[in-house]
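Let me begin by presenting the structure, written as structure tokens, before commenting on it.
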Amino acid sequence: MTAQTPPTPPFRDPRLPFAKRIDDLLARLTLDEKVSFLHQFAPAVERLGIAAFRTGQEALHGVAWMGPATVFPQAVGLGATWNTELVRRVGEAVSKEVRAMRARDDRVGLNVWAPTVNLLRHPLWGRNEEGYSEDPKLTSAIATAYTRGLRGDHPVYWRTAPVLKHWLAHNNETDRATSSSSVRPRVLHEYDLRAFRETVEAGAVAGVMPAYNLVNGRPNHVSPYLREQLRTWTDEELVVCSDAGAPSNLVDHEHYFATHEEATAAALLAGVDSFTDHGTDSTRIVARVHGALSQGLLTEKDIDTAVRRQLSVRFRLGEFDPHDDPHPGTAAFDTPAHRALAQEAAEQAVVLLKNDGDLLPLASDARIAVVGLLADECKLDWYSGTLIHRSTPLEGLYERFGAARVEFAEGVDRVRLRLADGSFLHVPPAPEAADEARGAAGALDPALLAGRTDLPPLTTDVTGTGTEFALADWGEGVLTLRAPDGRYLSVAEDGFVRAAADQPGGWVVQETFRLEPHENGHLLRHLGTGRHVSVAADGVKVAAESASIFELIIVERGTDAVTRVAAAADAVLVVAGNDPHINGRETEDRTTLALPPHQERLLRAARAANPDTVLALVSSYPYAVDVARLPAVLWTAHGGQAAGTALARVLAGDVSPAGRLPQTWYAADADLPDLLDYDVLGARQTYLYFEGTPLFPFGHGLSYASFSYADLTTEVADETLRVSCTVANTGAVPADEVVQLYTRAVEPSVVRSRRELLAHRRLTLALGERTPLTFEVPLSAFEFWDAARGGRRREPGPYDVLVGASSADVRLRTTVVLDGEPAAPRALACGSGLEPADFDEQSGIAIVDRTRTAGDAVTPATGGPGELVYRNCDFGTGTTEVTARVAGRGTLELSLDGAPPLAVLTLDEPTADAYTYASLTAPLTADGVHDLHLELRGPLRLAHVGFSG
3 MTAQTPPTPP FRDPRLPFAK RIDDLLARLT LDEKVSFLHQ FAPAVERLGI AAFRTGQEAL
63 HGVAWMGPAT VFPQAVGLGA TWNTELVRRV GEAVSKEVRA MRARDDRVGL NVWAPTVNLL
123 RHPLWGRNEE GYSEDPKLTS AIATAYTRGL RGDHPVYWRT APVLKHWLAH NNETDRATSS
183 SSVRPRVLHE YDLRAFRETV EAGAVAGVMP AYNLVNGRPN HVSPYLREQL RTWTDEELVV
243 CSDAGAPSNL VDHEHYFATH EEATAAALLA GVDSFTDHGT DSTRIVARVH GALSQGLLTE
303 KDIDTAVRRQ LSVRFRLGEF DPHDDPHPGT AAFDTPAHRA LAQEAAEQAV VLLKNDGDLL
363 PLASDARIAV VGLLADECKL DWYSGTLIHR STPLEGLYER FGAARVEFAE GVDRVRLRLA
423 DGSFLHVPPA PEAADEARGA AGALDPALLA GRTDLPPLTT DVTGTGTEFA LADWGEGVLT
483 LRAPDGRYLS VAEDGFVRAA ADQPGGWVVQ ETFRLEPHEN GHLLRHLGTG RHVSVAADGV
543 KVAAESASIF ELIIVERGTD AVTRVAAAAD AVLVVAGNDP HINGRETEDR TTLALPPHQE
603 RLLRAARAAN PDTVLALVSS YPYAVDVARL PAVLWTAHGG QAAGTALARV LAGDVSPAGR
663 LPQTWYAADA DLPDLLDYDV LGARQTYLYF EGTPLFPFGH GLSYASFSYA DLTTEVADET
723 LRVSCTVANT GAVPADEVVQ LYTRAVEPSV VRSRRELLAH RRLTLALGER TPLTFEVPLS
783 AFEFWDAARG GRRREPGPYD VLVGASSADV RLRTTVVLDG EPAAPRALAC GSGLEPADFD
843 EQSGIAIVDR TRTAGDAVTP ATGGPGELVY RNCDFGTGTT EVTARVAGRG TLELSLDGAP
903 PLAVLTLDEP TADAYTYASL TAPLTADGVH DLHLELRGPL RLAHVGFSG
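Counting from 1, position 901 in the sequence shown corresponds to residue 903 in our numbering; the numbering is continuous, with no gaps.
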């Protein structure tokens, strides 16, 4: 007899829809098994043949953390390309490398945590490099392209499953786990939510990751917007993955809940489906979930909801259909096509900011001096893979112009460090030490990578002059010291100082120091440990006591070397910028837009020696640089493995630059609002509202060609505005042009953006080529969030239609008149009253959580009073009484049109807590339409104001 084959369980049957298969699998899993799935590292269920699974594979601009991979330009550089088709191809290449790497290393995950769609609201944000743009339309366009590439184009099975970061209103590293972003409803809907919404609605997103911060007083990991907004934008199941350690932060740092069981339950009920906490150890999250179940805070149905969302992603990734999934055989890794794409992306990301006198492109026979701290660097950031190929600006210029025509001066200060006894710091030889790139073997958590201890610690040289170090000052006194063999001084866990690191890096950078004046010399503080360097009998180490005093002997100043090579050249290229691991990175915001003083000195020295000086800024963020005396300036983000080749080809004219700025470059720190001021409207932030003169405007970028714009026409039909024009290349070389379409409301009833990007297109035009193009813009793009009605509204009237090469360089313009809903006064007498967060203007006010689960209230932001203004409030035929729902204690005053107060309500006895509200009433006689002013004094929370009469 032949044994009968057991029937295929429904969850393994590819003929059934995913929803039925998930139902079947959920019914087969025990409660303990389902709870175990809630941690990032979900274990295998061997009895059902289900493999282990983890959420989270970093893939922001290439596969990160898992060893060698193709490294594309930083995300802000991809944003600077303004090229959605290019970015889609980058996403496709990254997803193929994820699959290829997973085939040989099962630590590589298919649920990729990328892209970052946080808007680049403030250029001092340490993670500026991770976003695409300050503009929500451009951000969503680039993010949509990247997610489509990551997803793949198979109708059923996804190559990878992208998760958007970081939900929501997250642009500060300072106090990022405890700070609250105060975001009024209008800014929330028009700005912060918009980039997420448009990307999710495009259909290639598997989920989102909440950010560490709070929004309006409530942690993002218990945000009601996950349910009220995110999950209404698509019919697909979305998985919400917590950020690392954030579930514990709800209790440990934010103190928002008293117990971890309460916090875990609240996060799960709010919509968090996968908990990233305690690394690979799932026991604590599992215990917290079981504790919440036993306390009645959760039910098994709540667990099922979260697990269902996770399983939906796993089914889409083809895990349960190995014979039908087309992706596991993907082997495309470090292919010639991927290398070419990395170079193309790096070339398209270069932005030409200034080119007076057509100094660029450089003549093919020019003698070039290449100088600067980044001239021979190919820097990586925290979310990079390990380089397989590497190209620095210096190497690119050697390759393009020939080494005989290029002279180099790094511009570091060459120094020795002498002790009081006359001996010098010395790097002992290590002839058998192998070169080792940080993270080359891959790591699930690179923050845990240890420094090298296989190399000898520094010693002292009592007979000679010791080791000559290359000292670079990266700003704010933060130094690196590099030995002649190219290794940076670093401190490992044993506390010894070694020349051991190929580059500064790591979660806590161990390669940075600060010289502190002390007596007749300096103490050398190691910034990673906070301790001073001390010379001991067994070697040089960091210690809490016995700090050594060093005399800094300058062998050669970097400015002298720069002056020497610059004076002998036809043209000078100064390559300046940042190291992505120092002074502006995850966990650390910048304090200034200024270029670090060391690099300013090098730039001045080069310009003084040679007026034909080109500044190439290679950086993760904008700078405020005095460009008046510089004939040519370029900017590129850190461009990945092909950065140097790409820059050299642009400088030589092999490629005409066509990158465009994805964010405003401000002229000075004084132009910036406070880093924690998230009210882009009230603080007049970004090109949308900024009223000053920027150093370079949003969308700016020059070309080696010239372009003419003509034949502007518009048509409104079928709830769509069609804008057509022609663009021609009138220059001497083939080139790309980025055509940008903006609008502005001519007669707005409230403050609207000065101009707003509606659409864009990057075109490649041959010499003399002329091409027509048409933009189709839904009329919904002209809507704004009307705080008076609590919803979107298109205002009737004239709108400027602006077509040009940047937000400031408008070539064509016309006006269209659109119909819509006219403005109406805010109806206060109809019974619904006033939601305090729906203000038109505010001063000194913070929006806070009305309850721990939903709703907004307002409170004075500091010790002083706070004022709110609500324009055009209609009190109808008359009101006689006002009622306020308040918590805490303090005083609320109401006045009309700036006149003296009509009503004063005081809560003398504090309520039990911030979420226990009391009702206060007072007479108030008003009729007709007025501007309503509220003033709050004291630690008072205002949740609602009602009127009756």
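All C-beta atoms in this analysis are idealised placements derived from N, C-alpha and C, irrespective of residue type, glycine included. Remember, predicted model here, so these are calculated numbers, not experimental data.
### Task
Can you tell me which of 117, 84, 72, 79 puts its alpha carbon nearest to the alpha carbon of residue 103?
Locating residue 103 in the sequence shown gives position 101, counting from the first residue. Nearest of 117, 84, 72, 79 to residue 103, Cα basis: 72.
### Task
Confirm, please, whether the CB-CB distance from residue 707 to residue 734 is below 8 Å.
Working through the sequence shown from its first residue, we reach residue 734 at position 732. Working through the sequence shown from its first residue, we reach residue 707 at position 705. In this structure, residue 707 lies closer than 8 Å to residue 734 by Cβ.
### Query
Between residue 662 and residue 603, what straight-line distance do the alpha-carbon atoms span, to the nearest angstrom?
Here residue 662 corresponds to residue number 660 of the sequence shown, with the count starting at 1. Here residue 603 corresponds to residue number 601 of the sequence shown, with the count starting at 1. One C-alpha to the other measures close to 28 Å.
### Task
Answer with buried or exposed for residue 617, where buried requires no fewer than 16 other C-beta atoms within 10 angstroms of its C-beta.
Along the sequence shown, one-based indexing puts residue 617 at 615. Residue 617 is buried by the Cβ-count criterion.
### Task
Select from 509, 75, 35, 262 the residue whose C-alpha is nearest the C-alpha of residue 452.
Position 450 of the sequence shown, counted from the first residue, corresponds to residue 452. Among 509, 75, 35, 262, the Cα nearest to that of residue 452 is on 509.
### Message
Spatial neighbours of residue 145 within its chain, please: C-beta separation below 8 Å, excluding the five flanking residues on both sides.
### Response
Taking the sequence shown and counting its residues from 1, the one referred to as residue 145 is at position 143. Excluding positions up to five away in sequence, the list reads 117, 119, 134, 166, 197, 201.
### Query
Helix, strand or coil: which one does DSSP assign to residue 305?
Mapped onto the sequence shown, residue 305 falls at position 303. Note: residue 305 maps to helix in three-state DSSP.
### Message
Quick check: what's the CA-CA separation for residue 28 versus residue 740?
### Response
Numbered from its first residue, the sequence shown carries residue 28 at position 26. Numbered from its first residue, the sequence shown carries residue 740 at position 738. Approximately 50 Å, taken between the alpha carbons.
### Task
Alpha carbon to alpha carbon, how far is residue 570 from residue 502? Give it in angstroms, no decimals.
Sequence index remark: in the sequence shown, residue 502 carries index 500 (1-based). Sequence index remark: in the sequence shown, residue 570 carries index 568 (1-based). Going from the Cα of residue 502 to the Cα of residue 570 covers about 36 Å.
### Message
I need the boundaries of the beta strand (DSSP E) containing residue 57, first residue and last residue.
### Response
Counting from 1 along the sequence shown, the entry for residue 57 is found at position 55. Segment 55–60, the beta strand (DSSP E) holding residue 57.
### Task
Would you give the residue range spanned by the alpha helix (DSSP H) that residue 292 belongs to?
By one-based count along the sequence shown, residue 292 stands at place 290. Note, residue 292: alpha helix (DSSP H), 285–296.
### Query
Are the segment 350–362 and the segment 529–549 in contact at 8 Å, needing three or more beta carbon pairs?
no
### Task
Measure the Cβ-Cβ separation of residue 121 and residue 131 and say whether it is below 8 Å.
Here residue 121 refers to the residue found at position 119 when the sequence shown is read from its first residue. Here residue 131 refers to the residue found at position 129 when the sequence shown is read from its first residue. Contact flag unset, no.
#### Entry: Which listed residue (906, 68, 779) has its alpha carbon closest to that of residue 448
The residue labelled residue 448 in the question sits at position 446 within the sequence shown. With distances taken between Cα atoms, residue 448 lies closest to 68.
### Task
Could you tell me whether the Cβ atoms of residue 641 and residue 351 are closer together than 8 Å?
Residue numbering aside, residue 641 sits at position 639 when the sequence shown is read from its first letter. Residue numbering aside, residue 351 sits at position 349 when the sequence shown is read from its first letter. Contact flag set, yes.
### Query
With which residues is residue 632 paired in a DSSP beta bridge?
Position 630 of the sequence shown, counted from the first residue, corresponds to residue 632. In DSSP, residue 632 forms no bridge with anything.
### Query
In terms of residue numbering, what span does the beta strand (DSSP E) encompassing residue 551 cover?
Counted from its first residue, the sequence shown places residue 551 at position 549. Its beta strand (DSSP E) spans residues 551–558.
#### Entry: Same chain only: Cβ atoms within 6 Å of residue 219, ignoring 5 sequence neighbours per side
On the sequence shown, position 217 is the one that residue 219 refers to. Correct list, in chain order: 182, 850, 851.
#### Entry: Residue environment, residue 301, which counts as buried when at least 16 other CB atoms sit within 10 Å
To locate residue 301, count along the sequence shown from 1; it is residue 299. Exposed, because fewer than 16 other Cβ atoms sit within 10 Å of the Cβ of residue 301.
### Query
Measuring CA to CA, which of 907, 441, 912, 860 is closest to residue 891?
As a first step, residue 891 is located in the sequence shown; it is residue number 889 there, counting from the start. It is 912 whose Cα lies nearest to the Cα of residue 891.
### Query
Taking the alpha-carbon positions, what's the residue 22 to residue 781 distance?
In the sequence shown, the residue the question calls residue 22 occupies position 20. In the sequence shown, the residue the question calls residue 781 occupies position 779. For residue 22 and residue 781, the distance between alpha carbons rounds to 39 Å.
### Task
Tell me whether residue 303 is buried or exposed, calling it buried when 16 or more other Cβ atoms sit within 10 Å of its Cβ.
Residue numbering aside, residue 303 sits at position 301 when the sequence shown is read from its first letter. Classification of residue 303: exposed, given that the 10 Å Cβ count is below 16.
#### Entry: Between the CA atoms of residue 847 and residue 875 - distance to the nearest angstrom
In the sequence shown, counting from the first residue as 1, residue 875 sits at position 873. In the sequence shown, counting from the first residue as 1, residue 847 sits at position 845. Using only the alpha carbons, I get a separation of about 20 Å.
#### Entry: For residue 469 and residue 636, the rounded distance between their alpha carbons
On the sequence shown, position 634 is the one that residue 636 refers to. On the sequence shown, position 467 is the one that residue 469 refers to. Each residue's Cα considered, the two are about 36 Å apart.
### Query
Can you find a C-beta in chain B that's less than 8 Å from the C-beta of residue 760?
Of the protein chains in this structure there is only one, and it is not chain B.
### Message
Between the segment 365–376 and the segment 307–326, can you find at least three pairs of beta-carbon atoms closer than 8 Å?
### Response
no
### Query
Roughly how many angstroms lie between the CA atoms of residue 285 and residue 679, to the nearest whole one?
By one-based count along the sequence shown, residue 285 stands at place 283. By one-based count along the sequence shown, residue 679 stands at place 677. The alpha-carbon atoms of residue 285 and residue 679 are separated by roughly 39 Å.
### Task
Look up residue 543 in the DSSP assignment and say whether it is helix, strand or coil.
Taking the sequence shown and counting its residues from 1, one reaches residue 543 at position 541. In this structure, residue 543 counts as strand in the three-state DSSP scheme.
### Message
Quick check on the DSSP output: what are the complete alpha helix (DSSP H) runs of length 4 or more inside the segment 622–668, in order along the chain?
### Response
645–654
### Query
How long is the line joining the alpha carbons of residue 634 and residue 815, rounded to whole angstroms?
Mapped onto the sequence shown, residue 634 falls at position 632. Mapped onto the sequence shown, residue 815 falls at position 813. Looking at the two C-alpha atoms, the distance is approximately 30 Å.
### Query
Residues in its own chain within less than 7 Å of residue 443 by CB, not counting five upstream and five downstream?
The residue given as residue 443 occupies position 441 in the sequence shown. Correct list, in chain order: 69.
### Task
Using a threshold of 8 Å, state whether the C-beta atoms of residue 268 and residue 224 are closer than that.
One-based indexing of the sequence shown puts residue 268 at position 266. One-based indexing of the sequence shown puts residue 224 at position 222. Yes, the Cβ-Cβ distance between residue 268 and residue 224 is below 8 Å.
### Message
Less than 7 Å separating the Cβ of residue 876 from some heavy atom of the ligand FAD?
### Response
Inclusion of the ligand FAD in the displayed structure is not the case, the ligand content being empty and no account of it being possible.
### Message
Based on DSSP bridge pairs, tell me the residues matched to residue 924.
### Response
Against the sequence shown, residue 924 aligns to sequence position 922. Per DSSP, 884.
### Per-residue burial, residue 420 [other beta carbons within 10 Å of its own, 16 or more giving buried]
Indexing the sequence shown from 1 puts residue 420 at position 418. Residue 420 is buried by the Cβ-count criterion.
### Message
Would you call the segment 580–596 in contact with the segment 397–405, where contact means no fewer than 3 C-beta pairs closer than 8 Å?
### Response
no
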